[in-house]
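Okay, so here's the structure we're looking at.
There are 2 protein chains.
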Amino acid sequence: MKRISESAVRRLSLYLRLLQEADAAGAETISSGELADRGGTTSAQVRKDLSLFGSFGKRGLGYSVQELLERIRTILGLQRSWRVALIGAGKLGSALFSYRDFEARGFDIRAVFDADPRKVGTQWGGLTIRADEEMVETVSALEIDMAIVAVPADAAQHVVDRLVKAGVRGVLNFAPARLKVPPGVALKNVDVTLELEGLSFSLNSR
Amino acid sequence: MKRISESAVRRLSLYLRLLQEADAAGAETISSGELADRGGTTSAQVRKDLSLFGSFGKRGLGYSVQELLERIRTILGLQRSWRVALIGAGKLGSALFSYRDFEARGFDIRAVFDADPRKVGTQWGGLTIRADEEMVETVSALEIDMAIVAVPADAAQHVVDRLVKAGVRGVLNFAPARLKVPPGVALKNVDVTLELEGLSFSLNSR
DNA sequence: TTATCTTTGTGAAGAATTTCACAAGCCTGG
DNA sequence: CCAGGCTTGTGAAATTCTTCACAAAGATAA
Numbered sequence: 001m002k003r004i005s006e007s008a009v010r011r012l013s014l015y016l017r018l019l020q021e022a023d024a025a026g027a028e029t030i031s032s033g034e035l036a037d038r039g040g041t042t043s044a045q046v047r048k049d050l051s052l053f054g055s056f057g058k059r060g061l062g063y064s065v066q067e068l069l070e071r072i073r074t075i076l077g078l079q080r081s082w083r084v085a086l087i088g089a090g091k092l093g094s095a096l097f098s099y100r101d102f103e104a105r106g107f108d109i110r111a112v113f114d115a116d117p118r119k120v121g122t123q124w125g126g127l128t129i130r131a132d133e134e135m136v137e138t139v140s141a142l143e144i145d146m147a148i149v150a151v152p153a154d155a156a157q158h159v160v161d162r163l164v165k166a167g168v169r170g171v172l173n174f175a176p177a178r179l180k181v182p183p184g185v186a187l188k189n190v191d192v193t194l195e196l197e198g199l200s201f202s203l204n205s206r
Numbered sequence: 207m208k209r210i211s212e213s214a215v216r217r218l219s220l221y222l223r224l225l226q227e228a229d230a231a232g233a234e235t236i237s238s239g240e241l242a243d244r245g246g247t248t249s250a251q252v253r254k255d256l257s258l259f260g261s262f263g264k265r266g267l268g269y270s271v272q273e274l275l276e277r278i279r280t281i282l283g284l285q286r287s288w289r290v291a292l293i294g295a296g297k298l299g300s301a302l303f304s305y306r307d308f309e310a311r312g313f314d315i316r317a318v319f320d321a322d323p324r325k326v327g328t329q330w331g332g333l334t335i336r337a338d339e340e341m342v343e344t345v346s347a348l349e350i351d352m353a354i355v356a357v358p359a360d361a362a363q364h365v366v367d368r369l370v371k372a373g374v375r376g377v378l379n380f381a382p383a384r385l386k387v388p389p390g391v392a393l394k395n396v397d398v399t400l401e402l403e404g405l406s407f408s409l410n411s412r
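Which chain is which? The protein sequence lines are A and B, in order. Heads up: the first sequence begins at 1 in the numbering used here, then just goes up one per residue. Heads up: the second sequence begins at 207 in the numbering used here, then just goes up one per residue.
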């Protein structure tokens, strides 16, 4: 299959959200133009993105909201739910954990780890925080698919190495560090400082 | 001046971090190849990125770490510090507020707002949480440059409208919503669900 | 000094992504 | 059934981004 660019995937994810809104608003069908307006892109872009995976629309009418929802869910692999581990029970970890929107979208946090012995054993909404040392064993046993890393930068690589050893195949990293993962493991970074610096650049060059 | 792509700016921001690490490790000079290895890109890319702004290196030797640090700081607008408002004193807001790395990088949180009357008046590390209603007045008075929006999706547009009215020129949005801002206001989105869905896509297509 | 090694800066080539533009298809109203 | 109005799907063009490849220049060693 043709290679799909990262930006195309992001946009699909965005369309999914827009479709859910349209669905909640009771829309039966939606056109590429409407999706484009709401998503801040162009109708040609929307159609090209979708055409990478098939032709889902009806000429003259647009796309069935229900059908397109289902199609994009399938494309993104969201028909199933994913087992997620959260590493780091600090403030950020806590914020992410209680952001229960994840669950609604099929990302199911099944385990939480922290390096701090004082936190280990604490209950977080039905889960017991475990020690980092247990990570490899527990993550394997629970068949965790992906992990969210919310630890300090200097601990991140070590954590990721453990996760990889435990068979995790995707990592979402919040630590401001460039992590190394072997091929076959997907890695995404969220770096807030970097975003702020991007804003700084924009504000600076006017 | 030539248009600079967003990806180039992100990479500059990354080089800045790598240079700080190199500096801390005592390096005097660094080559495009070393930067590329550490940053996960290519040496040609590094040189192209830098050449957008001038020629800072010495052939045969590389770049002076100190000088390049300074140059990139200038390019990104980080010689000055920026006045930042944080909107939303929930878990995420709290995590962001205590992430004091921002301050070290010149992003100075000067005001915190929340819609919940029970939180208003609370002290957060020297700052008093203010009511949303005060936003326009206070943000103008404090000459806030940019804002971090950490409120629920359905409140985000309203918040941003207020911020724009108050003269804010950059917004970093954490709410899962597509926000509208007038031209002249920079907007960046951090959307964790979208990143997770990107991972889901990767794991799904193997 | 000269030969060799390294690394930059940059046109030019190549690849990827986005936009254009239009034929073809479907719907509605008459 | 036909005409008019929309909207898709998609080659082709345009644009943007990345990689190549090499001359030029500084460093080093003898």
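The C-beta atom is built at its ideal place from N, Cα and C for all residues, glycine as well.
Below the 8 Å Cβ cutoff, chain A contributes no neighbours of residue 342 of chain B, its closest Cβ being approximately 20 Å away. Between residue 282 of chain B and residue 222 of chain B, the gap from beta carbon to beta carbon is short of 8 Å. By alpha-carbon distance to residue 357 of chain B, the top candidate from B:382, B:209, B:344 and B:370 is B:382. For residue 330 of chain B, no Cβ of chain A is located within less than 8 Å of the residue's own Cβ. In terms of CA proximity to residue 33 of chain A, A:42 leads the group A:27, A:42 and A:26. In this structure, DSSP gives residue 180 of chain A a state outside helix and strand, which the three-state scheme calls coil. Counting only unbroken stretches of 4 or more residues, the alpha helix (DSSP H) elements lying wholly within the segment 257-341 of chain B are 271-282, 297-304 and 307-310, in sequence order. For residue 40 of chain A, there is no enclosing beta strand (DSSP E), as DSSP marks it with neither H nor E.
Cβ-Cβ separation between residue 182 of chain A and residue 159 of chain A: approximately 15 Å, too far for a contact (criterion under 8 Å). At a cut-off of 8 Å between beta carbons, residue 190 of chain A contacts chain B. Boundaries for residue 170 of chain A: no alpha helix (DSSP H) harbours it, while the beta strand (DSSP E) harbouring it runs 170-173, taken from the DSSP string.
Contact between the segment 329-343 of chain B and the segment 268-288 of chain B is absent, with fewer than three C-beta pairs closer than 8 Å.
A check of alpha carbon separations from residue 258 of chain B across B:363, B:300, B:210 and B:269 identifies B:210 as the nearest. Listed by position along chain A, the residues whose Cβ is nearer than 8 Å to that of residue 300 of chain B are 91 and 95. Selection B:265, B:332 and B:408 evaluated against residue 169 of chain A yields B:408 as nearest (Cα-Cα).
Within a 10 Å sphere around the beta-carbon of residue 141 of chain A sit fewer than 16 other beta-carbons, which makes this residue exposed. For residue 199 of chain A, the closest alpha carbon among the candidates B:313, B:256, B:237 and B:302 is that of B:313.
The continuous alpha helix (DSSP H) containing residue 18 of chain A extends over residues 6-24. A straight-line Cα-Cα distance of about 43 Å links residue 350 of chain B and residue 28 of chain A. When C-alpha distances from residue 411 of chain B are compared across A:78, A:205, A:64 and A:101, the shortest belongs to A:78.
A check of alpha carbon separations from residue 18 of chain A across A:7, A:46, A:2 and A:6 identifies A:46 as the nearest.
For residue 192 of chain A, the enclosing alpha helix (DSSP H) starts and ends at 192-204. Secondary structure of residue 2 of chain A (DSSP, three-state): coil. Interface flag for residue 107 of chain A against chain B is set, since a Cβ pair is found closer than 8 Å. Residue 151 of chain A carries a coil assignment under DSSP once its states are collapsed to helix, strand and coil. What residue 284 of chain B touches in chain A, judged by beta-carbon distance under 8 Å, is 197 and 200, going in chain order.
The Cβ-Cβ distance between residue 138 of chain A and residue 111 of chain A falls below 8 Å.
Under the Cβ criterion of 8 Å, residue 128 of chain A is not counted among the residues facing chain B. Residue 393 of chain B is bridged by DSSP to B:377. For residue 229 of chain B against residue 271 of chain B, the beta-carbon gap comes to about 5 Å, under 8 Å, which counts as contact. Taking CB atoms only, residue 186 of chain A has a neighbour in chain B less than 8 Å away.
Taken in chain order, the members of the segment 173-184 of chain A whose beta-carbon sits within less than 8 Å of a beta-carbon on chain B are 176, 178 and 184.
Straight-line measurement puts the Cα of residue 87 of chain A at about 14 Å from the Cα of residue 121 of chain A.
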